[in-house]
Amino acid sequence: MVNAVTHSQNHLRALLVKLEREDSDPINILAQDGDWSKDHFWAAVRFLKHASRFAEILQVFDMWKNIEKSRISEFNYNKIIGLLCEDETMEEALAALQEMKVQGMKPCLDTYNPIIHGLSRAGKFSDALRFFDEMKESGLEPDSETYDGLIGAYGKFQMYDEMSECVKKMELDGCPPDHITYNILIQEYARGGLLQRMEKLYQRMLSKRMKLQSYTFVAMLKAYTTFGIVEKMEKFYRKVLNSKTCVEDDVIRKMAEVYIKNYMFSRLEDLALDLCSAFGESDLVWCLRLLSYACLLSKKGMDIVVKEMLDSKINWSVAVANIIMLAYVKMKDFRRLRILLSQLPIYRVRPDIVTVGIVMDASRIGFDGRGALESWRRMGYLDRVVELNTDSLVITAFGKGHFLKSCEEVYSSLHPEDRERKKWTYDDLIALLS
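Per the numbering used here, the very first residue in the sequence shown carries number 20; after that it's consecutive.
Below, the structure is given as structure tokens:
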């Protein structure tokens, strides 16, 4: 038995190697092999799907099922149709449905649901509803999954009135919305910024003690963050963390922007510590912690975070250096600024356009930045093409500064062809604005 399993695995590996070759022809491979087992056939189908070779899936299926007539089954057709609909390759899926009917097989819910969902996700609602009606005329009653797919697709295209009508139709057809339906509705209302509808359904779910999905909490968190509603944003951030759901960095950045715009700088460290406790250390965590103290102009706080980074052997990014230096400029602590600029090579930090901007802007208010610029020039940094490697939150917190704004103004004033023709270096920008 062990030998048989090993032989099958070797055969499968050999099949995948053949399929991976450039210009491979699965029809010829099947013809040469004579036949494939069920496992090998579905492995080949998954490969073709992953490679977006959808037309070949039907060709291979047609040949494989004709080798053994028992393979002409509702199960196999439904599986093929489902796979094709997942990627919205509806032309091939509808061709498989038509062939299924020609074979004398009656489509079931497992056939119609993927078709209806695939068409509606592609925005072809009239076609989707035509198959919805066809399904009902054949004596099949739509289930909650049928309606849920339609509701989600309406939400994707921001057709919120149609979503509501679909729920009413669902109830009239004796298929009351379940917790999955409510979760989809809340998520779509949240994405659309319809807070009143979202909150009304959320309260209804709570009163009915229905299960709320973690993705629903994330969607509501994003909605409250977008509108800058701090209290509710924090409430749902807590729910997301408690659900152990990973939060995208972009969501964390938007939350941080809300705190910055409301001058709630100490909350940045709270946000970072919660994030670290749930998912571990990251560059974003250190960035938030430093920003918290930098925005408060707390040298002591920044020193504490820097020491923790040193103890944890965390490599500095240019964002870390820029945060600290921006705070020093704001405090007009030019002594510390000069020391840190001289230490950048020790921390293996290469300046970006924000770093150059810090020196140029500080020079406007009494700092002598010539030493730093000459040092960078000797090291070849100023001959490099301009880069922006600093986290966007740093610019949100401290603003762009005179140098960056001037660069943008000059760049936008150039003819589009001149912008594309030239690769701008730091020395180019400094010369242009001097």
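C-beta: ideal position from N, C-alpha, C; glycine also. None of the values given here were measured: they were computed from a predicted structure.
Query, Result
"If Trp-305 and Val-339 are in contact, beta carbons under 8 angstroms, what's the gap, nearest whole angstrom?", "7 angstroms"
"I'd like the list of long-range same chain contacts for Leu-303, defined as Cβ closer than 7 angstroms, with 5 residues on each side in sequence excluded.", "Asp-268, Ile-271"
"Quick check on the DSSP output: the alpha helix (DSSP H) that includes Gly-198 runs from which residue to which?", "One detail in the question is off: residue 198 reads as His in this sequence, not Gly. Run containing His-198: 198 to 210, per the alpha helix (DSSP H) assignment."
"Relative to the C-alpha of Gly-158, which candidate in Ala-114, Asn-202, Tyr-131, Lys-326 has its C-alpha closest?", "Tyr-131"
"Name, in chain order, the residues that DSSP records as bridge partners for Thr-444.", "Val-404"
"Determine the direct distance from the alpha carbon of Ala-291 to that of Val-249, and round the result to whole angstroms.", "16 angstroms"
"Considering only residues of the same chain and omitting the five flanking positions on each side of Arg-286, which have a CB-CB separation below 6 angstroms?", "Tyr-278"
"Say whether the region 312 to 326 touches the region 385 to 394, bearing in mind that this needs 3 or more beta-carbon pairs closer than 8 angstroms, one atom from each stretch.", "no"
"Need the endpoints of the alpha helix (DSSP H) that Lys-57 sits in, please.", "57 to 69"
"Could you give the DSSP three-state label for Ala-141: helix, strand or coil?", "coil"
"Determine the DSSP secondary structure at Leu-316, reduced to helix, strand or coil.", "coil"
"Three-state secondary structure (DSSP) at Asn-334?", "coil"
"Would you give the residue range spanned by the alpha helix (DSSP H) that Thr-245 belongs to?", "233 to 245"
"Could you have a look at Ile-248 and say whether DSSP puts it in helix, strand or coil?", "coil"
"Among Asp-167, Gly-174, Gly-171, Ala-209, which one has its Cα closest to the Cα of Pro-195?", "Asp-167"
"Counting beta carbon pairs with one atom in the region 403 to 410 and one in the region 355 to 368, are three or more of them shorter than 8 angstroms?", "no"
"Could you say which of Ala-416, Asp-42, Lys-318, Ile-205 lies nearest to Lys-280 if we only look at CA atoms?", "Ala-416"
"Can we say the region 217 to 229 touches the region 182 to 193, given the rule of at least three CB pairs closer than 8 angstroms?", "no"
"Is the CB-CB distance between Leu-309 and Val-324 below 8 angstroms?", "yes"
"Grab the span of the alpha helix (DSSP H) containing Arg-367 for me, first residue to last.", "That residue, Arg-367, is in no alpha helix (DSSP H); it is neither H nor E in DSSP."
"Helix, strand or coil: how does DSSP classify Arg-383 here?", "coil"
"Between Asp-52 and Ile-99, what straight-line distance do the alpha-carbon atoms span, to the nearest angstrom?", "22 angstroms"
"If distances are taken between C-alpha atoms only, which option among Phe-80, Arg-140, Thr-165 comes closest to Asn-152?", "Looking at the sequence itself, residue 152 is Asp, so the reference to Asn does not match. Checked all of Phe-80, Arg-140, Thr-165; the closest Cα to Asp-152 is Thr-165."
"Please state if the CB of Asp-106 and the CB of Phe-144 are separated by a distance shorter than 8 angstroms.", "no"
"If you compare alpha carbons, which of Asn-95, Glu-75, Lys-88, Lys-125 is closest to Thr-108?", "Glu-75"
"As an exercise, report each continuous alpha helix (DSSP H) stretch of at least 4 residues that is fully enclosed by the region 113 to 157, in chain order.", "128 to 140, 144 to 156"
"Would Lys-241 be called buried (16 or more neighbouring beta carbons within 10 Å of its own) or exposed?", "buried"
"For the candidate residues Gly-390, His-421, Tyr-221, Ile-134, whose alpha-carbon lies nearest to that of Ile-199?", "Tyr-221"
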